[in-house]
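Below: the structure, in structure tokens.
There are 2 protein chains.
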Amino acid sequence: MHGKGNGGEQAPPRITVTGVLGIPEIQAGARLGVLIAKAAARQGDDLVHGDVVVVTQKVVSKAEGRLVRLDSVLPSPFAAGFGGRSGRDPRIVELVLRESAAVVRMDTARGILITETKHGLVCANAGIDSSNVPGDDVVSLLPEDPDESARVIRADVKRETGKIVAVIISDTFGRPWREGQTDVAIGAAGIEALMDYRGGMDAVGKPLKVTMTAVADELAAAAELVMAKTSGIPAATVRGYEYREAVGSARRLVRERSLDLFR
Amino acid sequence: MHGKGNGGEQAPPRITVTGVLGIPEIQAGARLGVLIAKAAARQGDDLVHGDVVVVTQKVVSKAEGRLVRLDSVLPSPFAAGFGGRSGRDPRIVELVLRESAAVVRMDTARGILITETKHGLVCANAGIDSSNVPGDDVVSLLPEDPDESARVIRADVKRETGKIVAVIISDTFGRPWREGQTDVAIGAAGIEALMDYRGGMDAVGKPLKVTMTAVADELAAAAELVMAKTSGIPAATVRGYEYREAVGSARRLVRERSLDLFR
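Here the protein sequences come in this chain order: B and S. According to our numbering, the residues represented by the first sequence are 952 to 1214, in order. According to our numbering, the residues represented by the second sequence are 952 to 1214, in order.
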């Protein structure tokens, strides 16, 4: 994409990441692609061909009606047991287990529950949480198919604006070994989420050792920088990033269990 | 930092990430802060107060003379054994072990060696690799103290330009559970690497569940998007990000072993 720099003869690679303000509180059935495109236009950032639109999971879950009232949940004996021993709400534990294919780690003393979701994502609490959800007794589940969520938003952006963009659904995950959370891509449309450089050469002509870059995760992380958790900004645009167009799926970012040394 | 959006009355949060072209091949003793500041200015991107300068580990290691000729390395019996069984160069295995405090995983069949470095970083091969290093028989080690590396670059930028910037040293790491690598921060100066939102409220007034964000890792990831591995761009600037000024250290991003469920 970019050649070796020689200062002045070539435009430096540059991307701009912008938070989209003015997106209203999202109700079930909302057309996020339309709302985001309109809000971006209102702030003078009309979407253009090649933009990457990053949308946080929370508003996607709201638009898709993936909110659950805890008083509707009856915990299983196992969920009630872990909840009681760990000090966690047994109804949330029950929801986490319902959304999960496998438990990766349970730490009773610290109340930590890390599972593999039905999508294959490995994260705390199957991605369930209550922040930025109105109501004391309501939590959000992850979208059922975040790639499909991204495709719907992408199609709505095209219908509203005529522009072809890529869409990433992001969520905030912890990780082993390192403190702090970062945003990663749980859904993608219109972009190759995982760039495969195998067979390429580095700048000194050696075969590349770094073979696969999780560009969708890096885009999600970049977007988080303009959507700090306290700010109520649920979407951002990334302009100027030369991604590879593809149908797109964040499933490629999920390591197969049999290849994972840490599950 | 940013209030709730209301479209038009408030400037949208926006950051710009720019690759710095024209940085020459780095020799031991090079003043990276000076070279980066000059190269940025040549392309019309003079550094300004509050910029974040992200510098890849490889050039830092070169500037600090952290290159090793493999023909100078005598493998221990253990390194020779693992090298022989796994098909890895025993001299590289030896260097990995010398740089490590502990082995986290050894996979002989796939030749995978994940260790905890003396800095506490957990990564493949103790961060040793040969890409973008001239010479067939030469590899780079991680800087001995990447926070100190960042401090030196920051001081040189100030001396050269008078501007106060933050500096992040980045490297490309794999991670459990997810395919593809992303850039993370292994050193930091002038910036709080880990933002602690404990005690804060979300946009609907609930206490925040996401309590700590690894902003330095997200900045490193954003920078990678303009420094694709094949391109020979070893530094980038991030402008417009409102970080918290601090002495800064990437050590806060390293989880204590006793708190880590995956070591």
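Even for Gly, the Cβ is constructed at its ideal location relative to N, Cα and C. Small disclaimer: the values here were computed from a predicted structure and weren't measured.
query	result
Chain B contact for ASP1088/S (CB, 7 Å cutoff)	no
Own chain, CB closer than 6 Å to GLU1175/S, minus 5 neighbours either side, in chain order	ASP1134
Alpha carbon of VAL1198/B to alpha carbon of VAL985/S, nearest angstrom	43 Å
Any 3 or more C-beta pairs closer than 8 Å across the segment 1115–1128 of chain S and the segment 1166–1175 of chain S	yes
Three-way DSSP call (helix, strand, coil) for GLY970/B in this model	strand
Local conformation of GLU1045/B per DSSP, three classes	helix
Buried or exposed by the 16-neighbour rule on C-beta atoms within 10 Å, applied to ASP1153/S	buried
As assigned by DSSP and simplified to three states, the class of ASP1088/B	coil
C-beta neighbour in chain B for THR1133/S, strict 7 Å	yes
Cutoff 6 Å; reference ALA1140/S; Cβ partners in own chain excluding five residues on either side	ALA1101, ARG1102, ARG1105, VAL1118, GLY1199
Nearest-angstrom Cα separation, counted from GLU976/B out to ILE1184/B	11 Å
Own chain, CB closer than 7 Å to ASP1080/S, minus 5 neighbours either side, in chain order	VAL1090, SER1091
Own chain, CB closer than 7 Å to VAL1024/B, minus 5 neighbours either side, in chain order	ARG1042, GLU1045, LEU1046
Interface partners of GLU1175/S on chain B, CB under 8 Å	THR1164, GLU1169
Rounded straight-line distance, which links the Cα of ARG1214/S to that of CYS1074/S	12 Å
Per-residue contacts from ALA1031/B into chain S (C-beta, under 9 Å)	By Cβ distance, chain S contributes nothing, its closest Cβ being about 22 Å from ALA1031/B, past 9 Å.
Cα-Cα separation, ALA1030/B to ASP1087/B	21 Å
ALA1053/B - DSSP class collapsed to helix/strand/coil	strand
Span separating the alpha-carbon of ASP1098/S from that of LEU1204/S	12 Å
Closer than 7 Å to chain B by CB, VAL1073/S	yes
Local conformation of VAL1024/B per DSSP, three classes	coil
Short CB-CB distance (under 7 Å) between THR1059/S and chain B	no
CB-CB length for VAL1010/S against LEU972/S, believed under 8 Å	Incorrect: roughly 14 Å between the Cβ atoms, too far for contact.
Closer than 7 Å to chain S by CB, GLN994/B	yes
With 16 other Cβ atoms within 10 Å as the buried cut-off, status of GLU1196/B	exposed
Spatial distance of GLY1156/S from GLY1191/B (CA atoms)	35 Å
Beta-carbon proximity list for ARG993/B, same chain, < 7 Å, skipping 5 on both sides	GLY973
Short CB-CB distance (under 7 Å) between THR969/B and chain S	yes
Enclosing beta strand (DSSP E) for GLU1067/S [first to last residue]	1063–1068
Short CB-CB distance (under 7 Å) between ILE1120/B and chain S	no
Close beta carbons around GLU1084/B, own chain, < 6 Å, minus the five adjacent residues each side	Reading off the sequence shown, one finds Val at residue 1084/B, where the question assumed Glu. Within the same chain, VAL1084/B has close Cβ partners SER1091.
Nearest-angstrom Cα separation, counted from THR1068/B out to SER1182/B	28 Å
Nearest neighbour of VAL1116/B, chosen from GLY1131/B, GLU1143/B, ALA981/B, ASP1096/B [CA to CA]	GLU1143/B
Contiguous alpha helix (DSSP H) assignments of at least 4 residues, all confined to the segment 1155–1208 of chain B	1166–1175
Straight-line gap, GLY1151/B to ALA990/S (C-alpha atoms, nearest Å)	26 Å
Contact list for GLU1130/B against chain S, beta-carbon separation under 8 Å	LEU1145, MET1163, ALA1165, ARG1203, LEU1204, VAL1205, ARG1206
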